[in-house]
Amino acid sequence: MDINSLFLGPKSENEEFFRDMLQFMVNDHIGWRKYFHPDDASLPHLDEDARKEKKETLDRTREALLELAANLQVGSVPWFSPRYLGHMTTDTLMASLLGYMLTLLYNPNNCAYEASPATTPMEIEVGRQLAAMVGYDPLKAWGHITSGGTVANYEAMWIARNLRSIPFAIQKVMPGLMGEMNHWQLSNVPGPKILDLLDQVKTSGKLEEVRDASVRSLGIPAGGMGKWLVPQSKHYSWVKAADILGIGQDQLEFVKVKKDYRMDVGHLKHLIDGLINEETPVLGVVVVIGTTEEGAVDELDKVIALRQDYEKQNTWFHIHVDAAYGGYVRTAFLDENNQFLPYGQVKSQYLAQGFDESDTAWPEKSVYNAFRAMAAADSITVDPHKMGYVPYAAGAILLPDRRALDTISYFAAYVFEKEEKNPMLLGSYIMEGSKAGAVAAAVWTAHRVVSLHAGGYGKLIRNSIEGAYRFYYSLKTNPVIKILDKEYHVHCLCKPDINIVIYAFNQKGNTSLKKMNELNQKIYEKFSYRSGPVYASDYIMSKTSLSYEEYGDRPALFTHALGIPHSEWEKEQEVFVLRSCIMTPLLAQSNYSEYWNVFIASLKDKLAELA
Ligand SMILES: *Cc1c(COP(=O)(O)O)cnc(C)c1O
Numbered sequence: 149m150d151i152n153s154l155f156l157g158p159k160s161e162n163e164e165f166f167r168d169m170l171q172f173m174v175n176d177h178i179g180w181r182k183y184f185h186p187d188d189a190s191l192p193h194l195d196e197d198a199r200k201e202k203k204e205t206l207d208r209t210r211e212a213l214l215e216l217a218a219n220l221q222v223g224s225v226p227w228f229s230p231r232y233l234g235h236m237t238t239d240t241l242m243a244s245l246l247g248y249m250l251t252l253l254y255n256p257n258n259c260a261y262e263a264s265p266a267t268t269p270m271e272i273e274v275g276r277q278l279a280a281m282v283g284y285d286p287l288k289a290w291g292h293i294t295s296g297g298t299v300a301n302y303e304a305m306w307i308a309r310n311l312r313s314i315p316f317a318i319q320k321v322m323p324g325l326m327g328e329m330n331h332w333q334l335s336n337v338p339g340p341k342i343l344d345l346l347d348q349v350k351t352s353g354k355l356e357e358v359r360d361a362s363v364r365s366l367g368i369p370a371g372g373m374g375k376w377l378v379p380q381s382k383h384y385s386w387v388k389a390a391d392i393l394g395i396g397q398d399q400l401e402f403v404k405v406k407k408d409y410r411m412d413v414g415h416l417k418h419l420i421d422g423l424i425n426e427e428t429p430v431l432g433v434v435v436v437i438g439t440t441e442e443g444a445v446d447e448l449d450k451v452i453a454l455r456q457d458y459e460k461q462n463t464w465f466h467i468h469v470d471a472a473y474g475g476y477v478r479t480a481f482l483d484e485n486n487q488f489l490p491y492g493q494v495k496s497q498y499l500a501q502g503f504d505e506s507d508t509a510w511p512e513k514s515v516y517n518a519f520r521a522m523a524a525a526d527s528i529t530v531d532p533h534k535m536g537y538v539p540y541a542a543g544a545i546l547l548p549d550r551r552a553l554d555t556i557s558y559f560a561a562y563v564f565e566k567e568e569k570n571p572m573l574l575g576s577y578i579m580e581g582s583k584a585g586a587v588a589a590a591v592w593t594a595h596r597v598v599s600l601h602a603g604g605y606g607k608l609i610r611n612s613i614e615g616a617y618r619f620y621y622s623l624k625t626n627p628v629i630k631i632l633d634k635e636y637h638v639h640c641l642c643k644p645d646i647n648i649v650i651y652a653f654n655q656k657g658n659t660s661l662k663k664m665n666e667l668n669q670k671i672y673e674k675f676s677y678r679s680g681p682v683y684a685s686d687y688i689m690s691k692t693s694l695s696y697e698e699y700g701d702r703p704a705l706f707t708h709a710l711g712i713p714h715s716e717w718e719k720e721q722e723v724f725v726l727r728s729c730i731m732t733p734l735l736a737q738s739n740y741s742e743y744w745n746v747f748i749a750s751l752k753d754k755l756a757e758l759a
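The sequence shown begins at 149 in our numbering and counts up one residue at a time.
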């Protein structure tokens, strides 16, 4: 697979192919219309007045499009460029872009099969592909496209919430089935066990009754359903989810992160033990594979092991993996038969691509172990519109066992055991209603061209990670920048687990955090839309801030490294940092290698302007 043939290219190098395909797509669609009842009447012939009106209408359409084009050119961000080192966005695969545009001409709606006989099956198919990618059995699993990671996270919490209320409902409707169980025991029935019980409920024809006695009908019981544990590095969609689903934001508990910004599993255990002590159930634990701010990969394998220990003590919680950003990285560990590669082989196959092990040392064993453990999670969020290189709006929710759908569906999900006869009414099993079939087609086309293993997405993503490592090392090897009589340090927050680099500058001798924050804010403004249209920028970065409110005292280690005393951290309680998600595969290629010097030179220029 040639990575540079996957995209239109930073200089539209693949324009000829792109134009050809656009032409083909337009012709194909035009023909499709014409040959639907070819003998039907055409639009009427026009008299002079009507011709004038027609011209006026078409002119207005043209003007609107020209205005839109002008707006887009001025107000868009050049994701495609190797100079774009900001948010989790990049060039999209030509295959998915063209697949999207072609499908858009037909405008299918995947809410109902009837409105999307072509694209509903594609959505089911890519759901299975993504399920296989994370290690689930595609024959048992369930996956579908959401508008993004946010809605996928909502669905995960929705399913966890409804499922965990089922034992209480069964005890009301079919008391014999649950046996003698107290509130604590009912709260800790393992998810897979609940699904087996639900099978028995279905056999007795009591599914509707049980669902009517569950949280979806009765609402959250007084006293709540337990705590939902998320790391401090969480995406803010969890705060919204707790609000929307009635769990309540106060039921969120935040697990500390370690100095590598991965969840501190020791602290997780401490929190869970405390909750068990007071008999507060743990509804779920979120593990993040690729945190939004730092790209940190939480040690999922350790959380899975921890739950096995608790299960022996009859305590159970749902484990959701929020891999919205990092999910597709798992392809870097898979061979063509979807087998998880041995660690040594993962390293050696990338050495074969010419990457220097001493430089990158990617992946660390802990990162490898975390990705391997994904197969044991109860639900997973993955965003094709992030590291799937697919246009918006494509997220995905994945479950290892599709029986869980019975807790959220508005038609009994078992109809899809007879899928061929009862085509999917997706709208009945998902949070959204009408949704673009074009998005499912875009993901489907992307997966057709770029396979979900080390030779496909794995190769593409490995190149982006290599680019991130080169950026990281070029900052590390230029720790001091001299401008006239002033010296500036730059420090990285931590070594990237995947492809996000966080860094900040400070002037040598400065001990004021407020001043340091101002400096980085000003640097950000020079490298973002804040200084005018980004089209003129040397490079484009993003920013974030790490605050006491979110991370406790953890960021103080970083400010210390930049020469800021602890008292300053206590005063400001927030450090402003620059952030570069390096999704482009280009910067790992030799003809872009001098870009690092361009970036450093440009940083020096801007610092000189600020000095
Ligand atoms: C991006 C992201 C989300 C939200 O996804 P959207 O697609 O923006 O809705 C959730 N969790 C993590 C870890 C993310 O990186």
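For each residue, glycine too, the CB sits at the ideal point set by N, CA and C.
All figures in this text were calculated on a predicted structure; none of them were measured in a lab.
- DSSP places W592 within a helical segment (H, G or I) once states are collapsed to three.
- Relative to ligand 1, the beta carbon of V299 is positioned inside 8 angstroms of a heavy atom.
- Less than 9 angstroms divides the Cβ of K404 from the Cβ of P379.
- In terms of Cβ geometry, M411 and G474 do not form a close pair [threshold 9 angstroms].
- A389: not part of any beta strand (DSSP E); member of the alpha helix (DSSP H) spanning 385-392, first to last residue.
- Counting along the chain, V638 sits inside no alpha helix (DSSP H); it lies in the beta strand (DSSP E) bounded by residues 634-640.
- Note that the stretch 645-665 touches the stretch 710-718; at least 3 beta-carbon pairs, one per stretch, sit closer than 8 angstroms.
- In this structure, M270 keeps its C-beta atom at 9 angstroms or more from the C-beta atom of M169.
- C-alpha of V282 to C-alpha of A602: approximately 13 angstroms in a straight line.
- Scanning its chain for C-beta atoms nearer than 8 angstroms, with the 5 sequence neighbours on each side dropped, one finds around L482 the residues M281, F488, L489, L600, H601, A602, G606, in chain order.
- H383 sits close to V436, with the two beta carbons spaced by under 9 angstroms.
- The residue among D408, A390, N462 with its C-alpha nearest the C-alpha of L400 is A390.
- Its Cα nearest to that of V538, the residue F228 stands out among F228, L553, S190, I178.
- Counting the other CB atoms within 10 Å of its CB gives G374 a total of 16 or more, which places it among the buried residues.
- At least one heavy atom of ligand 1 falls within 8 angstroms of the beta-carbon of V436.
- Remark: C-beta atoms of I613 and N647 approach each other more closely than 9 angstroms.
- Counting the other CB atoms within 10 Å of its CB gives W332 a total below 16, which places it among the exposed residues.
- Judged by the Cβ position, S527 fails to qualify as a neighbour of ligand 1 at the 8 angstroms threshold, every heavy atom of the ligand being at least this far.
- Within a 10 Å sphere around the beta-carbon of I178 sit fewer than 16 other beta-carbons, which makes this residue exposed.
- For H418, no beta strand (DSSP E) segment is defined; the enclosing uninterrupted segment is the alpha helix (DSSP H) at 413-425.
- The residue among N162, V598, N301 with its C-alpha nearest the C-alpha of G432 is N301.
- Boundaries of the beta strand (DSSP E) around N654: 648-655.
- Minimum Cα-Cα distance from T240 among the listed residues Q277, S695, F166, G297 corresponds to F166.
- Of the candidates H639, A616, P532, N611, the residue whose Cα lies closest to the Cα of G291 is P532.
- Beta-bridge pairing by DSSP links D470 to V436, T529.
- Counting only the Cα atoms, L623 lies some 12 angstroms from K752.
- In the DSSP assignment, M322 falls outside any beta strand (DSSP E), carrying neither H nor E.
- Taking 8 angstroms as the cut-off, one finds at least one heavy atom of ligand 1 near enough to the beta carbon of G296.
- A straight line joining the alpha-carbon of N485 with that of T479 spans about 11 angstroms.
- Note on M572: 16 or more other CB atoms within 10 angstroms of its CB, so buried under the neighbour-count rule.
- Not a single heavy atom of ligand 1 lies less than 8 angstroms from the C-beta of H177.
- Taking C-alpha positions only, G275 is separated from A471 by approximately 15 angstroms.
- Residue environment: G327 is assigned as exposed (fewer than 16 neighbouring CB atoms within 10 Å of its CB, all protein chains considered).
- By the neighbour-count criterion, in which a residue is buried when 16 or more other Cβ atoms sit within 10 angstroms of its Cβ, F172 is exposed.
- Contact holds between the stretch 361-377 and the stretch 308-317, because three or more Cβ pairs, one in each stretch, are under 8 angstroms apart.
- Put simply, the backbone Cα of D446 is about 31 angstroms away from that of V225.
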